[in-house]
Structure formats: structure tokens, C-alpha cells
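Novice: Starting off with a structure, shown below.
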Amino acid sequence: MNPFDDENHERKKRNPIDPFRGDDDIFRDIFNDDRIRDVFNDDKIMDDIKKMAEEMMKMFTNAQPGKPIVHGYKIDFGPDGKPQIEDFGNRSIKSPGGESTISEAIEPLTDIIEGENDVAITVEIPGVEKDDIDLVASESTLEIKVDSPKRKYHKLIDLPCNVKTKSTKATYKNGILDIVLDKKEKKKDNGGFKVSIE
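Per my numbering, the very first residue in the sequence shown carries number 3; after that it's consecutive.
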């Protein structure tokens, strides 16, 4: 008798991409790890991460056969030292009937760096040609769209400050789109105007 028969049989019965089943719930282990809780030190953030993970698992359950799913999370620490979580990839869309379907357009991973005079944005959109990218900048937002036969991407970015749209520069190389937008100059405060009261 093979000692691994029972273990292999158990693995076949479980869904391999569902970490919420069985004794080896990886997300439960992560969320109960004191080291992780110390880093995030905020129950609300941990609850948000758990909800995101559960949504991701629902997305896998509703996946269309033969269609790829991209989904992930990026965690940065802001200037205040608090973690900021951004998810990226396919989005779950509710139909009028209440069923969830997965959007074909992938929300790409982005990185935004606000400098003294400009805002630099890096976007990962591999597998497309430069001419497939539609980039529209407004004073406070940047929209990135790709609708090619190979890949579809879409992201609307709220900029951290107002920018000069005509100064926007963008380059695309090896699946990385780099964008630089000049900040609008802040109006200098001349101390105001003294108003006399009658």
C-alpha cells in the first residue's frame, strides 16, 4: 500500500486554487501571523486585504474557460508610514441580473511618483504595440486605454495634483509606459488684498 494514496486522493477532491478550503487555509495563516499584524498594525487594513483576497477567489470561481485572469496587489508605504494597497488586473463586473462577470480589460499595475516640479507615472502594459496605446491627459486625471486583438487594458488615474496637459511626455519600451507630466505652478500668494469695511 502506498502511504501517499490518502493524501493524493484528498488533493484531487479539493479545488487547488481555493485556499479557503481545508486545514491549510493560507490566507487564514497569513492574517493570523503576528509579524504581518505588526507591520500593518491596523485591523481595518487586514480586513480589507482579506476581503480583496475573497473577491479574487470569487473571480476565479466565475472565470470563463480559456480566458486568462490577471489579478494582484501592490502594497506601498506612504509618507505617513501607513500601508497603501492597490489591486490590479481583471475587474469583476456586476451584470444587471446580479451575476458577476470578469472584464476583458486588465487594469495595469502603476507607480506614481510626485516630484517637486512633475509627476512621473510608470505603467506595466506588456504585449502591445506603441500605436495601440491611447493616452488622454486632463488637468487632474490620466486615462490609459489599449484595445488590441491581443490585449485590452484600461486605467483611469487620479493625479495627486493639477498638471499642464500640453507638457505631457510618454515613452514605451519593453512593455513599460513611462509618462511625465509637469505640475501646474501654484499661484503665489501676495499676502492678499486688505479690504476696508464700511
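A virtual CB, placed ideally from N, CA and C, is assigned to each residue, including glycine.
Quantities reported herein were computed from a predicted structural model and do not represent experimental measurements.
In this structure, does DSSP put Ser-187 in helix, strand or coil?
Specialist: The question names Ser, but residue 187 is Glu in the sequence shown. Glu-187 falls in the coil class under three-state DSSP.
Novice: Taking 7 Å as the threshold (C-beta atoms), are Leu-179 and Val-125 in contact?
Specialist: Taking 7 Å as the Cβ cut-off, Val-125 and Leu-179 qualify as a contacting pair.
Novice: Given this structure, state the Cα-to-Cα distance separating Lys-84 from Ile-51, to the nearest angstrom.
Specialist: One Cα belongs to Lys-84, the other to Ile-51, and the distance between them is close to 14 Å.
Novice: Would you report the Cα separation of Gln-86 and Asp-113, rounded to the nearest angstrom?
Specialist: 12 Å
Novice: Let me know the alpha helix (DSSP H) ranges lying completely inside the segment 121–151, each 4 residues or longer, listed in chain order.
Specialist: none
Novice: Return helix, strand or coil for Lys-84, following the three-state DSSP convention.
Specialist: coil
Novice: With H, G and I counted as helix, E and B as strand and the rest as coil, what does DSSP make of Glu-57?
Specialist: helix
Novice: Could you check where the beta strand (DSSP E) with Leu-158 kicks off and where it finishes?
Specialist: 154–160
Novice: What's the C-alpha gap between Glu-131 and Ile-159?
Specialist: 21 Å
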